[in-house]
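Undergrad:
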Amino acid sequence: MALRAAPRVDTGKHLTRLALENFRSYASAELTPDPGLTVVAGPNGIGKTNLLEAIHATIVGRSHRAGVEADLVRHGTPFARVRLDLGGGTGAGGSSVELVVPGPEPMPGIRKRLTINGVPRRTSALTDVARVVLFRPEEMLLLVGSPSERRRFLDGIVGQRDRRAARDLVDVARVVTQRNALLRAIRAEEAPLDALAFWDEQLAQLGARVMVARLEVLRELNERIVPLHDAVATDTERGSDVSLTYLDGLKEAWADRADPGERMPGEGELAAAYRRRIADVRQKEAWNGVSLVGPQRDDLRAGLDARDVASHASRGQQRTIILAMKLAETDLLGIDGPRPVVLLDDVFSELDPDRAARLSDLIAGRGQVIVTTADPGTLEAARSREAAIWRIVDGNLEREA
Amino acid sequence: MAGLIAPVARLIEEFSKLPGIGTKTAQRLTYHVLRASTDDARSLAAALVSIKEDVAYCSVCCNITETGVDPCQICSDPRREVAHICVVEEPLDVLAIERTGEFRGRYHVLHGAISPIDGIGPERLRTRELMARVAEGGIDEVILATNPNLEGEATAMYLADVLGSHVASVTRIARGLPVGGDLEYADDVTLIRSLQGRRRIER
C-alpha cells in the first residue's frame, strides 16, 4: 500500500532569524537574513561555513562535515543550540525550529533534541516546515570524485522530500552495518551462513524502497536539467543533451531492467531482483566479509551528448553540469514543499566571472539565498545586487550598514 | 591523571566505566563518596558486591533471581500458566509486562538481542535454555516480545524459525498506535506498521 503524508505546502516562509549558542566558534550569535540575498563576508577560517552548517544540520538532522556530533559544540561547553525562525517564528505565525546537540561532556539529561514550535519531533517532520540546498566548493568535483559524494547528493534530495524514504535511508545503513559485521563473523567461521536470512530480506526490501525513491528523484532531475544546463552554459556548451543515469549493482538479477524515464520499476520488482542478486553473490560476500549488493554501492553517472562526463568532459563542462544539477535540486525541493533556503559556501570563487554572473542571476530568482565569501570581487558584485551584507567581527555577526 | 592520589584516581576511573558517566560526573561522584561517612561508603560497596553475589539466574526462565530462590518467584508460582512462554530481551522487560497484569504465563529472558556489530549471535543469548524448555513439551504458545527494532526483529525471526516445528503457536506482539493516542500525531513509520498489521473487527 502506498502511503504518503499529504504535503502541506507552504512556500511563503523564509528564514527570518538564525540564533546560535555555543555552536562551533560562536558563543552566541544572531543573523537576520534578507528574504532575498544575504552575503556573509570575511577572511577564511573565521567561521562563515559554521553558519551555513548550523542551518543545514538543523534542517537535515546531521552535519555535512562533523565526524562526531559533539564536534558541533563549542569547546568547553555542555551543549550547542541552534534556533531557526521561519516566517517570523512561532510568535508571528511562522515556525521555530530548535536543535540541541550535547557536547563531549554533556550535563545529565541533555540529549540531542529537535523541536518544532516547542514540540519534540523527528527530523523527518521538517519536510513540511523547511528545506535546504547546500552548495559546497568540494562539490565542484562531484562528477569525478567518489561515488559516496554522488549518493549523498541524491539522498539529500530523497531524504528531504519524503519522510518514509528518509527513515529508510537510516534503516538501510544500519542493516548494511549489521550485515557486514555478520559477514565478517561468517568469514571467520564464527556464524553460520543461514544467519543472513533476516538481514538479506531487510536489505532487499529497504534497498528496493531506497532505489525507487532515488530513481524517482533522478527522473525528475532529468526532466529539468537540460534547460538549466543551457542557462548556465557558455555559448559553445549550449544545446547539449545532459542526462543522469542510475548505476545499480543488480546486473542480470534484474531481468526486466527498465529505463525510469519510460517505466518506473515497482518496489516488489526491485526487491525480487535484490533477492536474486544477493543469492548470486552469497559466496563472494562470505569470502570478502562485506556486503557487495545494496544501495550503499550504487552510483550516479552524468552523460553529455551520450558520453560519460567523468572521462570525457572538460573541467568547465563538468562545472556547468554540476551547477545545473544543484539548480535542479533547488527547483525539485521547492515543488512539493517549502521553497528551500539556498546556501552557497564560497562557491563563486570556484567559477570564472561569466559563469558566476549567470549563476547569480539564476539563483536570485529562486528565493532566499545565503552566500559566504572571502573574495572582494564577489562582495562587490553582491553590493550591486542590493544584498544584505554581514561580517564576522570578534566572533560576532554584524550587519554592514 | 596528574595531581590525583591513586585511590581517588582509581575510583574516578571505575565510575567512568559506567554507562552515561563521563569523566566530570565520575569526579563529582568520587568527591561525593569521599565526603560521605564511612558507613555510607561501606554500604555502597556492600551493595555493589551483593549485586554480583546475591543475584543469580533462574534455571527455568533465565531471569535474575535472589541467590537460593530458584526457580524464581514467577516460575515457582503455581498459579502461572505453564503452557505459555513470553520471550523478552531484558529483565526490565519482564517488569514492564508484569505491570500490565495481562500475561499469566511464564517468561524467558534472552539477555540481549541478535546484533552482529556487537558480536552477539543466537548462541550468545539464552536460546539454548529456551529450546530445552520447549523440547520438554507442554508448551502451547510462545509469544515473542522482543523490541520492535531491527535487532529485536532479527531475534524474533530467528526464534520463530527454530521454534516453529516444536510449538503449536509462535506469536509476535503487535506493533502500532499507542492507546489513547491521536492518529494525527503518530509518526509515519508507526502508522504504516499499524496499517500493515490491521485486523478485521470481530462481530
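For the protein sequence lines, the chains are A and B, in the order given. Counting in my numbering, the first sequence runs from 26 upward without gaps. Counting in my numbering, the second sequence runs from 23 upward without gaps. We put the CB at the ideal spot given by N, CA and C, even for glycine.
1. In or out: Glu145 (chain B) buried (at least 16 other Cβ within 10 Å) or exposed?
2. According to DSSP, is Pro29 (chain B) helix, strand or coil?
3. Contact check, Asp330 (chain A) vs Asp266 (chain A) under 8 Å by CB: the rounded distance?
4. To the nearest angstrom, how far is it from the Cα of Val158 (chain A) to the Cα of Gly203 (chain B)?
5. Using a Cβ-Cβ cut-off of less than 9 Å, give me the residues of the stretch 27–48 of chain B that come near chain A, in sequence order.
6. How about Cys83 (chain B) and His130 (chain B): do their beta carbons lie closer than 7 Å?
7. Hey, how far is the Cα of Arg146 (chain A) from the Cα of Leu172 (chain B)?
8. For Arg29 (chain A), does the count of other Cβ atoms within 10 angstroms reach 16, so buried, or fall short, so exposed?
9. To test your reading of the DSSP string, which unbroken beta strand (DSSP E) runs of 3 or more residues are found completely within the stretch 49–126 of chain A?
10. Measuring straight from C-alpha to C-alpha, what distance separates Ala155 (chain A) and Gly119 (chain A)?
11. Check Pro145 (chain A) in the structure and name its three-state DSSP category.
12. In angstroms with no decimal places, state the Cα-to-Cα distance between Arg64 (chain B) and Leu56 (chain B).
13. For Arg322 (chain A), which residues from the same chain have a beta carbon less than 6 Å from its beta carbon, with the 5 sequence-adjacent residues on both sides left out?
14. Cβ closer than 9 Å: which chain B residues qualify as neighbours of Arg192 (chain A)?
15. At which residue ranges does the stretch 115–182 of chain B contain complete alpha helix (DSSP H) runs of 4 or more residues, listed in the order of the chain?
16. Looking at the secondary structure, which residues open and close the beta strand (DSSP E) in which Ala188 (chain B) lies?
17. To the nearest angstrom, how far is it from the Cα of Asp370 (chain A) to the Cα of Ile80 (chain A)?
18. Would you list the one or two residues that DSSP bridges to Cys108 (chain B)?
19. What's the call for Arg220 (chain B), buried or exposed, on a 16-neighbour Cβ count within 10 Å?
20. Less than 7 Å separating the beta-carbons of Val183 (chain A) and Pro320 (chain A)?
21. Quick check on Asn85 (chain B): does DSSP put it in helix, strand or coil?
22. With a floor of 3 residues, list each beta strand (DSSP E) that falls wholly inside the stretch 50–104 of chain B, ordered by position along the chain.
23. Which residues in the same chain have their Cβ closer than 7 Å to the Cβ of Val315 (chain A), if we skip the five residues on either side of it in sequence?
24. Taking one C-beta from the stretch 340–352 of chain A and one from the stretch 183–192 of chain A each time, how about it: are there three or more such pairs within less than 8 Å?
25. Looking only at its chain, what residues have a beta carbon closer than 6 Å to the beta carbon of Ala190 (chain B), apart from the 5 residues adjacent to it on each side?
26. Using the beta-carbon count (16 or more within 10 Å), is Asp400 (chain A) buried or exposed?
27. DSSP state of Trp312 (chain A), grouped into three classes?
28. Mind checking if Phe104 (chain A) is an interface residue toward chain B, Cβ cutoff 7 Å exclusive?
29. So, do the stretch 64–79 of chain A and the stretch 382–400 of chain A have three or more beta carbon pairs nearer to each other than 8 Å?
30. May I have the straight-line CA-CA distance separating Phe48 (chain A) from Ala48 (chain B), to the nearest angstrom?
31. Identify the continuous alpha helix (DSSP H) that holds Val249 (chain A) and give its terminal residues.
32. Taking any Cβ of chain A, which residues in the stretch 123–152 of chain B have a Cβ under 9 Å from it, in chain order?
33. What are the residues in the stretch 177–206 of chain A lying within 9 Å of chain B by C-beta distance?
34. Examine chain A for any beta-carbon lying closer than 7 Å to the beta-carbon of Leu70 (chain B), and answer yes or no.
35. Buried or exposed: where does Thr345 (chain A) fall if 16 or more other Cβ atoms within 10 Å of its Cβ makes it buried?
36. Tell me whether Arg424 (chain A) sits in a helix, a strand or coil according to DSSP, three-state version.
TA: Result, derived from the coordinates:
1. As a position in the second sequence, residue 145 (chain B) is number 123, starting the count at 1. When all chains shown are included, Glu145 (chain B) counts as exposed.
2. Reading the second sequence from its first residue, position 7 is the one you call residue 29 (chain B). Looking at Pro29 (chain B) - three-state DSSP - the assignment turns out to be helix.
3. As a working mapping, residue 330 (chain A) is identified with position 305 in the first sequence. As a working mapping, residue 266 (chain A) is identified with position 241 in the first sequence. Going by Cβ atoms, the distance from Asp330 (chain A) to Asp266 (chain A) rounds to 5 Å, so yes, they are a contact pair.
4. Residue 158 (chain A) sits at position 133 when you count from the first residue of the first sequence. Residue 203 (chain B) sits at position 181 when you count from the first residue of the second sequence. Those two C-alpha atoms are separated by around 35 Å.
5. For the stretch 27–48 of chain B, the set of positions with a beta-carbon nearer than 9 Å to some beta-carbon of chain A reads Gly42, Gly44, Thr45, Lys46, Thr47 in chain order.
6. Looking up residue 83 (chain B) in the second sequence gives position 61. Looking up residue 130 (chain B) in the second sequence gives position 108. The answer is yes: Cβ separation under 7 Å.
7. The residue given as residue 146 (chain A) occupies position 121 in the first sequence. The residue given as residue 172 (chain B) occupies position 150 in the second sequence. The straight-line gap from Cα to Cα measures roughly 21 Å.
8. Indexing the first sequence from 1 puts residue 29 (chain A) at position 4. Any reading at Arg29 (chain A) is ruled out, since the residue's pLDDT is 45, under 50, leaving its predicted position unreliable.
9. Here the runs fully enclosed are 51–56, 62–66, 104–111.
10. In the first sequence, residue 155 (chain A) corresponds to position 130, counting from 1. In the first sequence, residue 119 (chain A) corresponds to position 94, counting from 1. Annotation: Ala155 (chain A) to Gly119 (chain A) spans about 11 Å, alpha carbon to alpha carbon.
11. Start at 1 with the first residue of the first sequence, and residue 145 (chain A) comes out as number 120. Strand at Pro145 (chain A).
12. Mapped onto the second sequence, residue 64 (chain B) falls at position 42. Mapped onto the second sequence, residue 56 (chain B) falls at position 34. Their backbone Cα atoms lie some 12 Å apart in a straight line.
13. The residue given as residue 322 (chain A) occupies position 297 in the first sequence. Around Arg322 (chain A): Gly274.
14. The residue given as residue 192 (chain A) occupies position 167 in the first sequence. Within 9 Å Cβ-Cβ: Asp209, Asp210, Val211.
15. Here the runs fully enclosed are 149–157.
16. The residue labelled residue 188 (chain B) in the question sits at position 166 within the second sequence. Going by the sequence as given, residue 188 (chain B) is His instead of Ala. Judged by DSSP secondary structure, His188 (chain B) falls outside any beta strand (DSSP E); it is assigned neither H nor E.
17. Within the first sequence, the letter at position 345 stands for residue 370 (chain A). Within the first sequence, the letter at position 55 stands for residue 80 (chain A). Taking C-alpha positions only, Asp370 (chain A) is separated from Ile80 (chain A) by approximately 12 Å.
18. Numbered from its first residue, the second sequence carries residue 108 (chain B) at position 86. Cys108 (chain B) pairs with B:Tyr129, B:Ile165.
19. Taking the second sequence and counting its residues from 1, one reaches residue 220 (chain B) at position 198. Label assigned to Arg220 (chain B): exposed.
20. Mapped onto the first sequence, residue 183 (chain A) falls at position 158. Mapped onto the first sequence, residue 320 (chain A) falls at position 295. No, the Cβ-Cβ distance between Val183 (chain A) and Pro320 (chain A) is not below 7 Å.
21. Position 63 of the second sequence, counted from the first residue, corresponds to residue 85 (chain B). In this structure, Asn85 (chain B) counts as coil in the three-state DSSP scheme.
22. Listed in chain order, the beta strand (DSSP E) runs fully inside the stretch 50–104 of chain B are 77–79, 86–88, counting runs of at least 3 residues.
23. For the purposes of this step, residue 315 (chain A) is taken as residue 290 along the first sequence, with counting starting at 1. The answer, listed in chain order, is Asn205, Leu208.
24. Contact fails: fewer than three Cβ-Cβ distances are below 8 Å.
25. On the second sequence, residue 190 (chain B) is found 168 positions in, with the first residue counted as 1. The beta carbon of Ala190 (chain B) sits closer than 6 Å to the beta carbons of Asp162 from its chain, once the five residues preceding and following it are set aside; these are given in chain order.
26. Within the first sequence, residue 400 (chain A) is the residue found at index 375, counting from 1. Classification for Asp400 (chain A): exposed.
27. Residue numbering aside, residue 312 (chain A) sits at position 287 when the first sequence is read from its first letter. Of the three classes helix, strand and coil, the one that applies to Trp312 (chain A) here is helix, per DSSP.
28. By 1-based counting over the first sequence, the position of residue 104 (chain A) is 79. Cβ-Cβ to chain B under 7 Å: no for Phe104 (chain A).
29. Note that the stretch 64–79 of chain A touches the stretch 382–400 of chain A; at least 3 beta-carbon pairs, one per stretch, sit closer than 8 Å.
30. One-based indexing of the first sequence puts residue 48 (chain A) at position 23. One-based indexing of the second sequence puts residue 48 (chain B) at position 26. Here the C-alpha atom of Phe48 (chain A) lies approximately 26 Å from the C-alpha atom of Ala48 (chain B).
31. Here residue 249 (chain A) corresponds to residue number 224 of the first sequence, with the count starting at 1. Residue 249 (chain A) is actually Arg in this sequence, not Val. Element bounds for Arg249 (chain A): 222–257.
32. The stretch 123–152 of chain B vs chain A, Cβ under 9 Å: Ile136, Ser137, Pro138, Ile139, Asp140, Gly141, Gly143, Pro144, Glu145.
33. Cβ contacts with chain B: Arg188, Arg189, Arg192, Asp196, Arg199, Val200, Thr202, Gln203, Arg204, Asn205, Ala206.
34. In the second sequence, the residue the question calls residue 70 (chain B) occupies position 48. Closer than 7 Å: no.
35. Counted from its first residue, the first sequence places residue 345 (chain A) at position 320. Flag for Thr345 (chain A) reads buried.
36. On the first sequence, residue 424 (chain A) is found 399 positions in, with the first residue counted as 1. Note: Arg424 (chain A) maps to strand in three-state DSSP.
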